[in-house]
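Protein chains in written order, with this note's numbering: chain W, 102 to 250; chain B, 8 to 397; chain U, 10 to 170.
Reviewing the structure listed below.
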């Protein structure tokens with residue numbers, strides 16, 4: 102930036118550490134993924150909608166959900182985009198795809214990544230399956246990625 | 008002129024704690040919302056509009072409307088608006104809810120304030136609320152300026168540390184009667200407060216409020232709806248707000264001029280000429296013990312320098328003429344986004360006669376106060392009917 | 010839940026860079042501070058109130074102040090209040106703990122009508138007194154930001170020794 106422009110700004114930073122409580126629903130979801138390689142959702146007692154990732158309240162009915170449902174580890178791709186540029190924050194080395202996946206048994210969409218280096222092979226409607234991380238770290242990337250089946 | 012009268016018909020509060028690690032933010036808010044809906048016997052689908060509020064820099068999720076407006080409140084497909092005005096967040100929520108119904112636009116409104124304060128840190132978060140070029144480098148959160156205010160007030164009127172400590176003793180022992188309060192200390196002594204560490208002269212640790220986590224929800228309705236819901240509502244008699252200059256240092260504000268201005272406005276509106284006689288209880292926002300001494304003067308309860316006398320003569324004690332903070336006040340519970348709304352909730356609880364062990368006898372008129380920002384004040388007066396006193 | 014399990018928390022540290030536009034008057038303020046060791050405020054052309062920090066609008070009159078309305082202030086002021094901050098907290102500008110204890114005072118620079126808060130070089134509250142004179146301490150090598158005045162010092166009389 103030119104010296105003139107530099108005078109007009111103040112370069113500041115906001116650096117704050119946080120400790121976020123994710124809650125019991127997220128904890129169970131992540132634990133099942135890490136320990137048992139199972140993806141679980143919750144079902145609304147009123148409208149029967151199955152939510153994944155799970156949460157406490159069905160927003161339509163405003164009811165507490167307590168029934169856990171085991172979903173398949175497979176799903177159908179509803180939409181995707183291919184990431185081809187490289188930045189340090191990416192979960193995989195490009196090219197790979199971010200995808201909206203309808204897991205078998207779920208009524209909400211699940212966003213994750215598909216590891217496929219040939220973008221031509223990707224199509225809406227194709228089937229994918231979760232691949233789990235060897236050593237789980239209690240993060241969403243304990244599902245390392247989805248692969249085409 | 009307001010087109011409609013506004014009553015509070017439902018109240019919900021969580022038990023305030025230092026850390027609520029058992030729930031995430033929407034789950035915590037839901038507890039207060041469910042309690043308020045059950046209290047008003049209202050179906051979630053019948054809520055017309057929702058106002059939510061917190062200060063995002065404490066939780067680090069800078070668009071809380073997205074997930075706290077819907078998963079925690081019945082906001083799906085409804086109007087949900089967020090209000091964030093620092094320490095006055097709760098009272099701004101309380102007052103904007105009043106505007107929404109008084110204007111006639113909505114028949115009922117759900118108002119929710121919350122904070123999960125210890126996910127970030129109070130002082131750190133507060134510093135980010137201020138000007139990065141002029142204020143952040145030296146600002147010590149809220150306690151630095153509050154300490155300066157106490158220092159000036161103490162020097163001007165010769166007020167002692169012991170006088171201030173008496174406020175903490177009153178409020179935290181009052182809190183022992185409040186099942187929702189964070190710090191409940193039925194056996195607190197003056198020595199306990201006076202022996203605590205000096206954290207920012209003249210403020211000692213126990214002259215200062217805690218950092219709490221929790222949520223508070225209120226449901227308001229207009230006169231027609233209120234008739235269908237309850238025969239024991241608390242009515243808004245009036246509200247007032249006074250904001251001030253940009254920087255907290257644009258004026259020397261140890262005596263909180265905005266409280267003087269806002270209280271004069273509201274007393275005129277509601278027809279109060281002698282607050283000690285005509286108010287039955289006051290829930291004021293006292294972030295430090297010194298603040299209660301000085302700001303009860305600003306609110307017109309005592310002349311300048313006379314805040315301590317109110318305490319010593321028993322006027323603001325539970326058995327006095329104008330009990331201040333029967334709930335324990337901010338010195339006992341401080342979840343910043345909810346705190347000022349809790350003041351309104353506690354004032355309303357007193358008017359409704361639902362205070363249990365903390366109930367002051369024969370409450371007809373109660374004052375609730377919010378404070379925050381660059382030293383703003385917001386006030387509301389509640390009563391058994393919506394009319395001014397004269 | 011039986012035994013207290015370690016609660017599941019997700020920890021992160023934000024580290025967001027910002028380029029705050031400081032405004033024309035602040036540009037002039039920091040220029041004068043850097044080049045000439047001058048502290049400047051802005052004077053309202055209507056009511057005459059001298060604002061420190063300088064700003065574009067007088068809140069009382071809602072009248073604009075420009076660079077031409079800036080006036081030089083003294084680097085000295087009189088202490089109206091003081092405290093010694095003595096508790097740990099993370100400074101969001103650095104991400105680390107701000108060193109404490111530190112002296113912190115509120116004062117008006119001679120010539121200004123508004124107050125300012127800044128570091129003062131005393132950590133013993135018994136050595137402070139309302140009414141003391143304070144003076145800005147300038148950095149030798151200034152960069153054109155608030156750090157150019159790292160703190161104010163209390164002007165001690167010889168009689169105090």
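We put the beta carbon where it would ideally sit given N, CA and C, even for glycine.
Residue i - containing beta strand (DSSP E), residue span
i                     : result
residue 74 (chain U)  : No beta strand (DSSP E) contains residue 74 (chain U), which DSSP labels as neither H nor E.
residue 115 (chain B) : 115-123
residue 21 (chain U)  : 18-22
residue 152 (chain B) : No beta strand (DSSP E) holds residue 152 (chain B); the alpha helix (DSSP H) holding it covers 150-164.
residue 247 (chain B) : 241-249
residue 170 (chain B) : Note, residue 170 (chain B): premise wrong, no beta strand (DSSP E); alpha helix (DSSP H) at 168-182.
Closer than 8 Å at the beta carbon, the chain W residues around residue i
i                     : result
residue 79 (chain B)  : 158
residue 122 (chain B) : Near residue 122 (chain B) there are no residues of chain W at all, since even the closest Cβ is about 13 Å away, more than 8 Å.
residue 22 (chain U)  : 116, 117, 118 and 119
residue 67 (chain B)  : 117, 119 and 121
Sequence-distant residues of the same chain with beta carbon closer than 7 Å to residue i, five excluded per side
i                     : result
residue 170 (chain U) : Interpretation of residue 170 (chain U) is limited by its pLDDT of 40, a score under 50 that renders its predicted location unreliable; no figure is taken from the coordinates.
residue 239 (chain B) : 359
residue 90 (chain U)  : 114, 115 and 139
residue 12 (chain U)  : With a pLDDT of 38 at residue 12 (chain U), under the threshold of 50, the modelled position of that residue is not reliable, and no figure is offered here.
Neighbour flag for residue i against chain W, beta carbons, 8 Å
i                     : result
residue 17 (chain B)  : no
residue 152 (chain U) : no
residue 82 (chain U)  : no
residue 139 (chain U) : no
residue 115 (chain U) : no
residue 88 (chain B)  : no
residue 34 (chain B)  : yes
residue 19 (chain U)  : yes
residue 126 (chain B) : yes
residue 111 (chain U) : no
Boundaries (first-last residue) of the alpha helix (DSSP H) holding residue i
i                     : result
residue 44 (chain B)  : 32-47
residue 131 (chain B) : 129-135
residue 230 (chain B) : 230-236
residue 191 (chain B) : That residue, residue 191 (chain B), is in no alpha helix (DSSP H); it is neither H nor E in DSSP.
residue 350 (chain B) : 343-359
residue 57 (chain U)  : Counting along the chain, residue 57 (chain U) falls outside any alpha helix (DSSP H), and DSSP gives it neither H nor E.
residue 96 (chain B)  : 96-109
Contacts that residue i makes with chain B (C-beta to C-beta distance below 8 Å)
i                    : result
residue 91 (chain U) : 155, 158 and 208
Own chain residues within Cβ distance below 6 Å of residue i, not counting five before or after
i                     : result
residue 243 (chain W) : 134, 135, 234 and 237
residue 168 (chain U) : Here residue 168 (chain U) scores only 42 on pLDDT, less than 50, and its place in the model should not be relied on; the value that follows carries that caveat. For residue 168 (chain U), where only same-chain residues beyond five positions count, there are no Cβ hits under 6 Å.
residue 114 (chain W) : none
residue 311 (chain B) : 304
residue 249 (chain B) : 265, 268, 269 and 384
residue 222 (chain B) : 21, 35, 36, 39, 121 and 345
residue 13 (chain B)  : 105, 108, 109, 227 and 243
C-beta neighbour in chain U for residue i, strict 8 Å
i                     : result
residue 25 (chain B)  : no
residue 143 (chain B) : yes
residue 149 (chain W) : no
residue 205 (chain B) : yes
residue 269 (chain B) : no
residue 152 (chain B) : yes
residue 130 (chain B) : yes
CB contact below 8 Å: residue i versus chain B
i                     : result
residue 209 (chain W) : no
residue 120 (chain U) : no
residue 234 (chain W) : no
residue 14 (chain U)  : Model confidence at residue 14 (chain U) stands at a pLDDT of 48, short of 50, so the residue's coordinates are unreliable and nothing is read from them.
residue 108 (chain U) : no
residue 26 (chain U)  : no
Cutoff 8 Å; reference residue i; Cβ partners in own chain excluding five residues on either side
i                     : result
residue 74 (chain B)  : 32, 33 and 68
residue 153 (chain U) : 39, 40, 42 and 43
residue 24 (chain B)  : 189, 219, 220 and 221
residue 209 (chain B) : 154, 157, 158, 161, 168, 171 and 297
Within chain B, partners of residue i - CB distance below 9 Å
i                     : result
residue 127 (chain W) : 31
residue 156 (chain U) : 144
Contacts of residue i in chain U (Cβ-Cβ under 8 Å)
i                     : result
residue 257 (chain B) : 60, 68, 123 and 124
Under 7 Å by beta carbon: chain U residues contacting residue i
i                     : result
residue 162 (chain B) : 139
residue 239 (chain W) : 17
Where residue i meets chain W, residues with beta-carbon distance less than 7 Å
i                     : result
residue 139 (chain B) : 111 and 113
residue 368 (chain B) : What residue 368 (chain B) touches in chain W: nothing, since even the nearest Cβ is about 38 Å away.
Chain B residues whose Cβ lies nearer than 7 Å to that of residue i
i                     : result
residue 124 (chain W) : 30, 31 and 34
residue 163 (chain W) : 51 and 81
Please give the ranges of any beta strand (DSSP E) in the stretch 276-334 of chain B, keeping only runs that are unbroken, at least 3 residues long and fully inside the region. 288-290
Beta strand (DSSP E) runs wholly inside the stretch 86-147 of chain U, at least 3 long, in chain order: 111-118, 125-129 and 142-146
Which runs of the alpha helix (DSSP H) spanning at least 4 residues fall entirely within the stretch 203-230 of chain W, listed in chain order? none
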